[in-house]
Amino acid sequence: MRGMAKTTGLAALLGTGVCMLAGSAAAQEAAGVPQETQFIFNTLSFLVHGFLVMWMAAGFAMLEAGLVRKRSVGTQLLKNIAIYAVAGILFYLVGCNLMYDGVDGGFMGSFAVWGPDDSAAAAGDLSAGYSASSDWFFQMVFVATAASIVSGAMAERVLIWPFLIFIAVLTGLLYPITGAWQWGGGWLSEIGFSDFAGSTLVHSVGGWAALAGVILLGARKGKYGPNGVVHPMLGSSLPLATIGTFILWLGWFGFNGGSQLALGSAADAIGISNIYVKTNLAAAGGVLAAMILTQLLYKKIDLTFVLNGAIAGLVSITAEPLAPSPGAAVLIGAVGGMIVVVTVPLLDKLRIDDVVGAIPAHLFAGIWGTMAVPLTNPDTAFGSQLIGVVAVGAFVFVASLIVWGILKATVGIRLSDEAEEAGIDQAELGMEAYPEFGPSMAN
Amino acid sequence: MRGMAKTTGLAALLGTGVCMLAGSAAAQEAAGVPQETQFIFNTLSFLVHGFLVMWMAAGFAMLEAGLVRKRSVGTQLLKNIAIYAVAGILFYLVGCNLMYDGVDGGFMGSFAVWGPDDSAAAAGDLSAGYSASSDWFFQMVFVATAASIVSGAMAERVLIWPFLIFIAVLTGLLYPITGAWQWGGGWLSEIGFSDFAGSTLVHSVGGWAALAGVILLGARKGKYGPNGVVHPMLGSSLPLATIGTFILWLGWFGFNGGSQLALGSAADAIGISNIYVKTNLAAAGGVLAAMILTQLLYKKIDLTFVLNGAIAGLVSITAEPLAPSPGAAVLIGAVGGMIVVVTVPLLDKLRIDDVVGAIPAHLFAGIWGTMAVPLTNPDTAFGSQLIGVVAVGAFVFVASLIVWGILKATVGIRLSDEAEEAGIDQAELGMEAYPEFGPSMAN
Amino acid sequence: MRGMAKTTGLAALLGTGVCMLAGSAAAQEAAGVPQETQFIFNTLSFLVHGFLVMWMAAGFAMLEAGLVRKRSVGTQLLKNIAIYAVAGILFYLVGCNLMYDGVDGGFMGSFAVWGPDDSAAAAGDLSAGYSASSDWFFQMVFVATAASIVSGAMAERVLIWPFLIFIAVLTGLLYPITGAWQWGGGWLSEIGFSDFAGSTLVHSVGGWAALAGVILLGARKGKYGPNGVVHPMLGSSLPLATIGTFILWLGWFGFNGGSQLALGSAADAIGISNIYVKTNLAAAGGVLAAMILTQLLYKKIDLTFVLNGAIAGLVSITAEPLAPSPGAAVLIGAVGGMIVVVTVPLLDKLRIDDVVGAIPAHLFAGIWGTMAVPLTNPDTAFGSQLIGVVAVGAFVFVASLIVWGILKATVGIRLSDEAEEAGIDQAELGMEAYPEFGPSMAN
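Taken in order, these protein sequences are the chains called A, B and C.
If you read the first sequence in the working numbering, its first letter stands for residue 1, the second for the next number, and so on.
If you read the second sequence in the working numbering, its first letter stands for residue 1, the second for the next number, and so on.
If you read the third sequence in the working numbering, its first letter stands for residue 1, the second for the next number, and so on.
Okay, structure coming up:
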């Protein structure tokens, strides 16, 4: 997660193992700041940026609640708060050590419950550079982000409990394994792959898992008619979708900024500041690109594309928010926004029913962002970027297909036709999201 | 509010008097960090964690707006912003010095208007360890939290102005008095009571005040029929209730994390990091417990219970977010979540009409959290915990009964029957929350 | 933006040129804090306070979405996210250097694209005191705030693309020019004008631009009948308006607190703490004043006035959040709240259709706040305050009239009558904000 602009053997090492490594070079970097002061700054960065990323869970919940139909809003809300809870517990029980403990060039870490261990620091040895608990908190909210991506794509027809079983597998096993390859110090980090804050390791992972799920789950009833007809199913509330997007934008300062992993030196403070600037400009680029492109294509601005354009801009800059100039950041984000506008209809042509546009915004923009890294960061190469994109994609997509397949073959993953007709909230929650606002339409 | 894991005579002292004590040992704790740097860190922690807790006011507003009927949404919003305003002004005019100024083992402080006093620090004596104004800000947002709890329980039928008079008394007198007993250095702190961030002193105080009010106010018309029939009155908007819950969850990192009261040493940074981790896991435990229990009891997941489960998990860990292991934090929160599921129907049996479930989530889970402290913190004892719970409860409940009783006997506290029939927004505001979304139903 | 309580030649200098000045006295202020630690603290303050101000963009979006009619909600949301994107890109392309680069007592800086320049700091010369990129981020979110004010006043009938052209001019030229006069070290700063965080330079600038626009645009069809009849057009969602207001309130701690421009000394930490306290109390004063006044005038509390009262309270204290006592802060905010209650009907008498009350809350309260500075800050004078208010107002109002006039004469700025009848969302977006919630009423 550390910027590859500083890539050396040391920095590559630094970028890995943050959850478990007992010591890091961070402590020696800033000779001008006393060691304990550095320790506090680094820890504070994890906490502040971590709570911003935690807030993204609310952002996904609102975005998705706004983009599903009224009849499905309650279930979508439930899934999002449940995802955040499940991800936290699974990353504690399994994920963290699987991702960070003793990977050492390999494929995964160890199966062991995580426990806070700041005993060395408490005893006066501050060489770790930050509190291990603050680091766990920051890594945990990342896992939750990846998991949130899945729920939007599969909305309105997937059963809650099987869905949550998949989320448990994703956050406890799949995400930590691919995470181990790079951030845990595994084989991918050794070949020079670069993904600062997770265009691939977070957003594409969520996107691949969603794609596998959507394919096995099938489209919502009535979404696709014969002869390629697509019936639009409009989202219930643009204000919710918009506040969700603003929340994600705000949270992304934590997502990318905190991925500097340190604040204990002027160099780190400058790095984080640059990340804030470029992250913001990329999102702005995504917004403008989606506005202009939908105006040109459809003669009207499409707000849902603009919102997804902002998100795609953010995803696109996530792999490398440090090296690009401000202008390059705008362009990188703008391409992300254009990708969304172009690929959402493509998915519909393929009858892949991604309810909220998560696959274009997180998977396709994530691939773009990862492949764009060498455009601005000379220490990286297209070849190793491609290997990372393909390897992570193949693993997560296939593993997700298998897990979703087993769930489908055993407990089932989809509502009955009657239940879907009545609406998932009726079937799964027995309540409506807006009981006093008139009946849901069968649009 | 300081963690009792470090309890010594010194730490007990430290945990008190934060609003007024001119000096504290905090300054000496971290020899490795220069004194002025410590001063900045400690102050920054109050400010950052304070603005997170301030944000909880919005959380309560949204949670309650979502859980009342459409006809009452506007009034609920008004009450919540008014509560936050009144609490701030009253804590300035009366509360702060009543809670912290010269309590010294006794029952309350002095009646005096608070004024910012950082003159010693400005003159170069930084032994106070932090800015007094930052501390006031942090304490003030806590008072507002306690007050917010009351409005949810009494929603849809209490008159605005008498309600706000009660809030003024609660935030200017009642909360500061019980606060003085413990955090102000009063008698309760001397017998070894332990309540890190306020399961009892904030959440139960709010809950007891709400319970007294609800009893004197009576249930909403039509809520309870003959023969124990309970007519459900569904909340108007689950998205609002959900974003409210996410806001509270986010704010709780400030609530518990900031209650460490210092960030000027590695030990404090580690403490806060641990608090974040345990706070999050307890909320996750509350979510999962409420999901599983409502699935088992009702064959459906109930989202409103899940939201209150998250809150109850957070309330439960608030008395001791440092000492429990991560696993214990999950369990403490899970019990909180289960308490909500079990006790909400109980209150209905008793015809106590708590509109949003505030009494189970804040009072009952607050008692549980306080009594659970000795399970993980060996420096505490069930006896002194019980004394604190009972003393605070008796004082706040009786005093609230008296204040509500006087208001009821004089200005009245309840809408007329006709006004309640028409809806409180019509009667008190003369406006609707959603004027274009169809008529409110008389459900 | 630095508090004039500390006004000396040095401090006046300090208060200017924050975007570009290579060095500042901030670095020397806190001898007790090592220079690199100061650098990190100052940078962190810009980042944390900056993301709070960024969050205000969501606040304006929600406030305005809640206060327009259902038929216009989607467009209002689109405008707000577009404003934030446009403001960021324009302040990068033009605004920042126009505002800060080499103004030196004059009228404006240079036309040059901004680029991050922390090379001196990276090379070990930390005398700048903070990261230039963090400063840019903080200044950029301020520009966006000023621009957001315009969209609310002109809602429901202004065309999106001409509106965004105006926003580009405002954020790239007009705001930076008046900003240069004071914060860039221009002529206004030399005559002793004092505007700590921008009652005039941000809020009034936005308000003047809005007033010019509204006058040229005309009122919504049907708003004003013959004989002075005013047809109320109720906002669609009070919950959205309320969460918007809470977001703004939260963001204002960043807005005013961050305008201290430093956190690297105990004195700065104390200053920011005092700003938080006074900012909060002024908002509380605005809330209570609006509640009491609407109760007296109309026999009902008006929630929309209360929300605008909070905002007006915040605007009022923005010119001087340091010098007032807490009690004075309450009063300054209360006057702001009263101004809103009194002037909203006045604008309607003048048939100036300001949809959300932005002109009273931001312009009138901004003038009040600026003129009130000498009441509590003895280093300021009414004369220079008046010069600043008039000069900024004249320039922005006239320039805005010209820009809006050109747009009106060329591309047009207003929906056709038929399109307005159908609703702006239908015309400009081709979608509805709430497609399943029944038809929009033609109220």
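Quick reminder that beta carbons are idealized off the backbone N, C-alpha and C, glycines included.
Owing to the predicted nature of the structure, the values given are computational and were not obtained by experimental measurement.
Check	Outcome
Chain-ordered residues of the stretch 232-245 of chain C with a beta carbon less than 9 Å from chain B	L234, G235, S236, S237, L238, P239, A241, T242, I243, T245
Unbroken alpha helix (DSSP H) run spanning H49/C, endpoints	35-67
Proximity to L174/A [Cα-Cα], best of P226/A, S204/A, S237/A	S204/A
Amino acids of chain A, ordered along the chain, whose beta-carbon sits closer than 8 Å to that of K70/B	E436, F437
9 Å Cβ cutoff, V48/A in contact with chain B	yes
Minimum Cβ-Cβ distance from I339/A to chain C less than 9 Å	no
Bridge-paired residues (DSSP) for R220/B	Bridge partners of R220/B: none, in fact.
Supposed close pair A361/B, V340/B - CB separation, criterion 8 Å	6 Å
Coarse secondary structure for F414/C, derived from DSSP in three states	The residue you asked about is not Phe; residue 414/C is Arg in the sequence shown. Correct three-state label for R414/C: strand.
Backbone secondary structure at V229/A - three-state DSSP	coil
Rounded C-alpha distance that separates G471/C from V392/C	In the structure as shown, chain C starts at 1 and stops at 443, and residue 471/C therefore has no counterpart that could be examined.
V169/B - DSSP class collapsed to helix/strand/coil	helix
Neighbourhood of M371/C by C-beta, 8 Å cutoff - its chain only, sequence neighbours within 5 removed	F382, Q385, L386, V389
Alpha carbon of L248/A to alpha carbon of P324/A, nearest angstrom	21 Å
Terminal residues of the alpha helix (DSSP H) in which L77/C lies	73-90
Element boundaries [alpha helix (DSSP H), containing Q385/B]	382-409
Exposure label - Y298/C; buried when at least 16 CB within 10 Å	exposed
Residue(s) in a DSSP beta bridge with V158/A	R414/A
Residue interval of the alpha helix (DSSP H) (run including G106/B)	Per DSSP, G106/B belongs to no alpha helix (DSSP H) and is neither H nor E.
Residues in the stretch 324-337 of chain B having any Cβ partner in chain A nearer than 9 Å	S325, P326, G327, V330
Spatially closest choice to D125/A from G32/B, A209/B, A147/B, by CA coordinates	G32/B
Sub-9 Å separation of F46/B and S131/B beta-carbons	yes
As assigned by DSSP and simplified to three states, the class of V306/B	helix
Exposure label - T478/B; buried when at least 16 CB within 10 Å	This structure gives no information on residue 478/B, because the portion of chain B shown stretches from 1 to 443.
Best match in A422/A, A312/A, G357/A for proximity to G337/A [C-alpha to C-alpha]	A312/A
Secondary structure of E190/C, DSSP reduced to three states	helix
Other residues of its chain near Y92/B: CB distance less than 6 Å, five sequence neighbours each side excluded	W114
Within chain A, the residues that G357/B reaches when beta carbons sit closer than 7 Å	Within 7 Å Cβ-Cβ: nothing; G357/B doesn't reach chain A, min ~15 Å.
When D302/B, D195/B, D353/B are compared against I317/B, the one with the closest alpha-carbon	D195/B
Length of the line joining the Cα atoms of V356/A and S148/C	27 Å
Backbone secondary structure at Q260/C - three-state DSSP	coil
Own chain partners of S133/A with C-beta closer than 8 Å, once the 5 adjacent residues on each side are dropped	P116, D118
Separation of P374/A from E428/A, as counted between CA atoms	47 Å
Partner residues on chain B for D118/A, Cβ-Cβ distance less than 7 Å	I270
G207/C versus S127/C - alpha carbon distance	37 Å
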